[in-house]
Amino acid sequence: MTNWKKKFIIIWTGQLFSILSSSIAQFALVLWISLETGSAEVLSYATIAALLPQVLIGPFAGVFVDRWNRKWTMIGADSFVALCSGIIALLFYLDVIEIWQIYILLMLRSIGGAFHTPAMKSSIPLLAPESELMRIAAVNQAIQSVCSIGGPALGAILLLSFDMSIVMMLDVAGAFIACISLLFVFIPNPKKELQSAKGVVNDMYEGFKVILKNRGISWVMATEVLITFFVLPIVALMPLMTLKNFSGTAYQVSLIEALFGIGMLIGGILLGIWNPKIRKIFLIVFSYFFLGLALALCGLLPTDGFILFAILTVMQGIVIPFYSGPFTTLLQTQFKPNYLGRVFALFDSVSLFPSIIGLLITSVMADSLGIANIFVYCGIAIVLTAIWMMCIPSVRNLGKED
Numbered sequence: 010m011t012n013w014k015k016k017f018i019i020i021w022t023g024q025l026f027s028i029l030s031s032s033i034a035q036f037a038l039v040l041w042i043s044l045e046t047g048s049a050e051v052l053s054y055a056t057i058a059a060l061l062p063q064v065l066i067g068p069f070a071g072v073f074v075d076r077w078n079r080k081w082t083m084i085g086a087d088s089f090v091a092l093c094s095g096i097i098a099l100l101f102y103l104d105v106i107e108i109w110q111i112y113i114l115l116m117l118r119s120i121g122g123a124f125h126t127p128a129m130k131s132s133i134p135l136l137a138p139e140s141e142l143m144r145i146a147a148v149n150q151a152i153q154s155v156c157s158i159g160g161p162a163l164g165a166i167l168l169l170s171f172d173m174s175i176v177m178m179l180d181v182a183g184a185f186i187a188c189i190s191l192l193f194v195f196i197p198n199p200k201k202e203l204q205s206a207k208g209v210v211n212d213m214y215e216g217f218k219v220i221l222k223n224r225g226i227s228w229v230m231a232t233e234v235l236i237t238f239f240v241l242p243i244v245a246l247m248p249l250m251t252l253k254n255f256s257g258t259a260y261q262v263s264l265i266e267a268l269f270g271i272g273m274l275i276g277g278i279l280l281g282i283w284n285p286k287i288r289k290i291f292l293i294v295f296s297y298f299f300l301g302l303a304l305a306l307c308g309l310l311p312t313d314g315f316i317l318f319a320i321l322t323v324m325q326g327i328v329i330p331f332y333s334g335p336f337t338t339l340l341q342t343q344f345k346p347n348y349l350g351r352v353f354a355l356f357d358s359v360s361l362f363p364s365i366i367g368l369l370i371t372s373v374m375a376d377s378l379g380i381a382n383i384f385v386y387c388g389i390a391i392v393l394t395a396i397w398m399m400c401i402p403s404v405r406n407l408g409k410e411d
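Per my numbering, the very first residue in the sequence shown carries number 10; after that it's consecutive.
Dropping the structure here:
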């Protein structure tokens, strides 16, 4: 681990280009769907299409991540995502794109993510000292934030200035740069268990058992699933909240996305500089509470309250790193490296499944119940979940021994 900083600089450079180009393409695609259809249902279905493969394939992907070379797993996953984006670009170029084609290609694209995300997260403890994991999580969050700021702004500008085929080809280029950067980094693999007598299902079951043995972490993961269930519909409906509730424009949609990214960048920088000694579980709970409060207030704003909506969006962004960073670090430090691929993949799969149900419910109810009301109800639910977490002894005591 002597050269771990150099390795991360190379990895982060490639990931910056990849995540930024994906953010540009994703926002442009969401904006295109919003402007073309104006339907909360269609937008929610597109989000579900992008998540469903991770739910179905995730547990199995985690097993293979723990078995395969993690560097080449990430390169292969990035290459597959680039291929899917290239096909979307071709369909736009030929002017034969249909919504159902976007659904299918988003599902295929998600398969790459099902392998790449756990491979990347589970590689970090193998590259850096444990004492630096929180800072690394903060830097990762800062990169995500920069892309959240630049992606919407550039996505809106490029969509209005160029054909969607060109925008999607940027995603292909970003994935290519990420693959090249990984070629220059040696990523060690954890000690492998004997696999000859073990099947994929058995390995997956072992991952579940390892998680369930740690009661505190099990409860935290369960509550994170609940939070994701309430947050994901909000994320999917955010563009329509701006367009419909505040009579916004495409520019204002991109502004809100950028402000959320600015908030995350501020939060990531604060977390990285501060590297708080407060127990991670308290950071997580407090962040949940304030996130839910901010979301509920967004839903209570009058239709001329766009400025307050923008301010609350920044506040939401600031708290995100203060629960995502500590949560990721908790998982990386509570489990052995040879289980981390399964742990992250299983968690992603389990957390996204109820979120898809939430998206289906809100996509049907959004037009009748009102998007603003969904913000209020989901925000209150997140606040109550945060309070409930502190009522669980094994959660309260998590990290006391550190």
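Each residue gets a CB set at the ideal place from its N, CA and C atoms; glycine is no exception.
Helix, strand or coil at residue i [DSSP, three-state]
i    : result
W109 : helix
P134 : helix
L100 : helix
N198 : coil
M10  : For M10, the predicted structure reports a pLDDT of 48, less than 50, and the residue's modelled location is therefore unreliable. A value from the coordinates is still provided. The answer is coil: DSSP assigns M10 none of H, G, I, E or B.
L407 : coil
N78  : coil
I401 : coil
N149 : helix
N211 : helix
Q204 : At Q204, the pLDDT of 49 sits below 50, so the modelled position is not reliable; the number obtained from the coordinates is stated separately. In this structure, Q204 counts as coil in the three-state DSSP scheme.
First through last residue of the alpha helix (DSSP H) which encompasses residue i
i    : result
F299 : K289 to L309
L25  : W13 to T46
G388 : I380 to M398
F185 : M173 to L192
Own chain partners of residue i with C-beta closer than 6 Å, once the 5 adjacent residues on each side are dropped
i    : result
A206 : At A206 the pLDDT is 42, less than 50, meaning the model places this residue with poor confidence; the figure from the coordinates comes in the next sentence. Answer for A206: no residue qualifies.
I97  : L114 and M177
I226 : Q343
I389 : A305
A381 : N254 and G308
G67  : A123, A354, D357 and S358
P197 : L135
M324 : A303
Own chain residues within Cβ distance below 7 Å of residue i, not counting five before or after
i    : result
L203 : For L203, the predicted model reports a pLDDT of 45, less than 50, meaning its position is unreliable; a value from the coordinates is still stated below. So no residue of the chain qualifies.
L168 : A37, L40, W41 and V176
Q110 : L100
A395 : V294, Y297, F298 and G301
W228 : I401, S403 and V404
L235 : T394
L310 : L317 and F318
Expected contact under 8 Å - CB spacing of residue i and residue j to nearest Å
i    : j    : result
F269 : T322 : 5 Å
V404 : M398 : 5 Å
G350 : G71  : 5 Å
V328 : L300 : 5 Å
S414 : R118 : Only positions 10 to 411 of the chain appear in this structure, which leaves residue 414 out of reach.
L142 : Q341 : 6 Å
Neighbourhood of residue i by C-beta distance below 8 Å, restricted to the same chain and skipping five residues each side
i    : result
L52  : V39, I42, S43, T46, A245, L246, P248, L249 and S372
V148 : F17, W21, G277 and G281
G23  : I186, A187, C188, I189, S190 and L191
M10  : Because the pLDDT of M10 is 48, which lies under 50, any placement of that residue in the model is unreliable, and the number read from its coordinates should be weighed accordingly. Cβ neighbours of M10 beyond the five flanking positions: L136, A137 and P138.
A319 : L264, I265 and L268
S27  : D87, G183, A184, I186 and A187
D172 : F101 and Y102
L179 : S30, I33, A34 and L167
F362 : V64
Heavy atom of the ligand GDP within 7 Å of residue i beta-carbon
i   : result
D75 : Among the components modelled here there is no ligand, and therefore nothing to report on the ligand GDP.
Next item on the list: At 3 residues or longer, and completely inside the segment 235 to 262: list those beta strand (DSSP E) runs for me, N to C.
Entry: Counting whole runs of 3 or more residues, the segment 235 to 262 contains no beta strand (DSSP E) stretch at all.
Checklist line | Within the segment 312 to 358, ranges of the alpha helix (DSSP H) (whole runs, at least 4 residues) | finding: With a minimum length of 4 residues, the continuous alpha helix (DSSP H) runs that stay inside the segment 312 to 358 are 315 to 328 and 330 to 343.
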